[in-house]
Amino acid sequence: MEFPNPRVRDSHDVRMMSAMRLALAASALLIIWFDPSKPDFFFPATYVTLVSYALYSLVIYVASIRWSGIVPNRFLHWIDLGWYVLLIALSGGVDSIFFFFFFFAILTASFQRGFSWGLRVTIISTLLFTLLAYLIVPTQGRFEINRFLLRYVNLLVLGYMIAYWGGAEISLRARLQLLKEVSLLSNPRFGVEQTIQSIIERLRSFYNADACLLVFSKKSNGGGPYQLHRVDRNEKKNQTPTEMTEETAWMLLLSSPTHAAVYPKRTRSNTILYDVKTGHLTEVVQKNPTLFNAFEGKTCLTVPVFSRNQMLGRLYLVDARRSFDYRDIDFVLQVIEQVIPVLENIRLVDRLASEAAEQERRKIGQDIHDSVIQPYIGLQFGLAAVRQKLRSGSTDVINEIKDLLELTEGEIQELRRYVGGLRRGETSQNAFLPAVRHFAAKFSDATGLQIEINAPDDLPIYDRLAAELFQMVEEGLSNIRRHSSSSYAMLGISSQNGNLTLQLRNDRRKGLELASFTPRSIADRAAALGGKTLVYTDQNETVVSVEIPL
């Protein structure tokens, strides 16, 4: 069973341990109920104590089901230990059948609080058991040293093993949680620098280290310039990365880029070297005076940062109170392996966004040139013609001024439509049909060709497809104007069965029975989009049909 939420998992563990405590107490109660020969030392007091412990276990179990948040899990193993010492004291000391209850207290402490707490409970249980063995007179009237030593060794050895594996299980959970967190810190809006700061702060907090540093290349393929990212235990605000000189960067990158290392704070301790390429682990009497002085003699763990066999930098963990080992090297390398794809994705998104913005700026510039500047050039020419006419002495400029006003009004409306589209984030799908209708209206005014457009407003037309279709429409109407005597044209655009169909119809020239041409430009554009072009006659009309798969 998986519990993605740690709180759900923890509450499940509390209920399970509470149920096992109750089962343990109930089982012991049933055993002495059916076989009262053991214990035979203070039996009534033992029986009452065991009943009280069973009731206590029942209360804890009910509370773990209904109010799991109020169960004092941090102290329950100490309370259990007190119950077990009392039961052992009342039931014969070394000979007590309740001796094995000690292991339950060690288990709960180890798998809830970790190795250190499990070891504490083991040591204290061993000391209390030793004390009880000497203070409580056995039922046989003599002290059995062999039984005492056997139980003493079992308690100490098995307790240590339980504490060790309990601590390992908790450490594994914490490491998996950290790997999950660093994998989720891939929000491109934060940028590479803030993401790095967040990740190294998580790593520093995980080890509770004094500082965590990352020397990281600003280039995705490695090499200078480098930035230094740093977080400290006592620094509350986010520290901004600093630019590094090449000399300082190479001092921290070390001369052997493939080695991870642990430099101890004690001068007589060995340095652990781990080759990340070959997996070779060695311990040598080797010091790095530069790092020792830079980190004030603290223990230092350092690992290289690689991406596609290119060294991007080096990470440091520095602490004065703990010592690192090869297992920490292995885990930090795993964290780096999770982090690098995250940073590469953010860099890729940043680059794509920048390129898209640059393309959009060029597109807007071209649109402004075609939609705004060109009409004003026409207006300038018109005004120059009016001025020339006035200079020649003619005052009959009313019609020219009227035409200029109409032109100005039309272009102002077009400009408002264009700016409104930018504000609304209009895509090519929204702008295609208005652009076609606007072009058809201008083409009709200029040539006298009557153009009818039949197309739904919800056509799935985007970006490149819209641009290519617009060029096909422009080319098709131009062909009708130049190569036919038709006075009208019908443009139809539709979508069905996963295909987009564009049709241009016009009156067929007299004496032309069959279509005998193919518009090369339109056919080439359609073929580039994976479509096909057909030319045929339909009654008295010539039809150019373009079919493009969507």
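Counting in the working numbering, the sequence shown runs from 3 upward without gaps.
Beta carbons are placed, not taken as given, at the ideal position from N, Cα and C, and that holds for glycine.
Note that the structure is predicted; figures quoted are calculated from it, not measured.
Neighbourhood of residue i by C-beta, 7 Å cutoff - its chain only, sequence neighbours within 5 removed
i, result
"E248", "G226"
"S185", "Q340 and V344"
"P59", "Strictly speaking, residue 59 in this sequence is Ser, with Pro absent from that position. Result list for S59: R23, L24 and A27, in chain order."
"G533", "V548, E549, I550 and P551"
"Q541", "none"
"A528", "K534, T535, V548 and I550"
Assigned secondary structure, residue i (DSSP; H/G/I helix, E/B strand, else coil)
i, result
"D509", "strand"
"G315", "strand"
"V184", "helix"
"N456", "strand"
"K221", "coil"
"T250", "helix"
"V159", "helix"
"P551", "strand"
"T429", "Any reading at T429 must be qualified, since the residue scores a pLDDT of 48, below 50, and its modelled position is unreliable; the value itself is stated next. Residue state, collapsed to three classes: coil."
"D540", "strand"
"G95", "helix"
"F150", "helix"
"I463", "coil"
"G494", "strand"
"P306", "strand"
"V278", "coil"
"Q241", "coil"
"P6", "At P6, the pLDDT of 41 sits below 50, so the modelled position is not reliable; the number obtained from the coordinates is stated separately. Three-state result, P6: coil."
"D15", "helix"
"V399", "coil"
"L283", "strand"
"K300", "coil"
Cβ-based neighbour list, residue i, same chain, cut-off 6 Å, excluding 5 preceding and 5 following
i, result
"V334", "V305"
"D234", "A213"
"V475", "V438"
"M492", "E454 and R507"
"T128", "L157 and L158"
"E285", "N272 and I274"
"R232", "L215 and Q241"
"G168", "S112, F113 and G120"
Selected residue, minimal CA-CA separation from residue i, among the options
i, options, result
"S496", "V548, T284, S523 and L26", "V548"
"L53", "I67, K220, Y86 and L78", "Correcting the residue identity first, residue 53 is Val in this sequence and not Leu. That would be Y86, whose Cα lies nearest to the Cα of V53."
"A469", "L531, N272 and E237", "L531"
"N347", "R324, R329, S309 and D327", "S309"
"V61", "D97, K444, A21 and R76", "A21"
"L152", "P458, F131, G94 and R68", "F131"
"T250", "D277, S258, L230 and N148", "L230"
"A457", "Q505, I482 and S480", "Q505"
"L78", "R115, L133 and L88", "R115"
"I331", "K221, S219, L205 and M246", "L205"
"I147", "F102, G395 and D97", "D97"
"A176", "Y154, Y209, S200 and R527", "Y209"
"I463", "I482, G500, G281 and T197", "G500"
"A525", "E477, D509, T539 and E543", "E477"
"L133", "F103, L471 and I90", "I90"
"L137", "Y166, G95 and D277", "G95"
"V155", "F102, T544, K279 and L536", "F102"
"E245", "V217, M253 and V546", "V217"
"Y166", "F117, D509 and D277", "F117"
"R316", "S29, Y228, E543 and E408", "Y228"
Check: residue i C-beta below 7 Å from any heavy atom of the ligand ADP
i, result
"T284", "Annotation note on the ligand ADP: not contained in the displayed structure, which lists no ligands."
Cut-off 8 Å between Cβ atoms - residues of its own chain near residue i, not counting five sequence neighbours on either side
i, result
"L31", "L52, V53 and A56"
"I164", "F105, I108, L109, S112, G120 and T124"
"E402", "G384, A387, V388 and K391"
"K300", "D212, K267, V320, D321 and A322"
"V194", "L345, I348, R349 and D352"
"S446", "Q452 and I453"
"D459", "L435"
"D327", "V264 and I274"
"P521", "E477, G478, N481, T535, V537 and V546"
"E171", "F113"
Exercise. On the three-pair Cβ rule with 8 Å, is the segment 487-496 touching the segment 439-457?
Worked result: yes
Exercise. Do the segment 172-184 and the segment 334-341 meet, that is, are 3 or more Cβ pairs less than 8 Å apart?
Worked result: yes
Problem set entry | Cβ contact check for the segment 298-318 and the segment 260-267: 3 or more pairs under 8 Å | yes
Exercise. Are the segment 26-35 and the segment 121-139 touching by the rule of at least three beta carbon pairs closer than 8 Å?
Worked result: no
Exercise. Any chance the segment 201-215 sits against the segment 312-323, with 3 or more Cβ pairs inside 8 Å?
Worked result: yes
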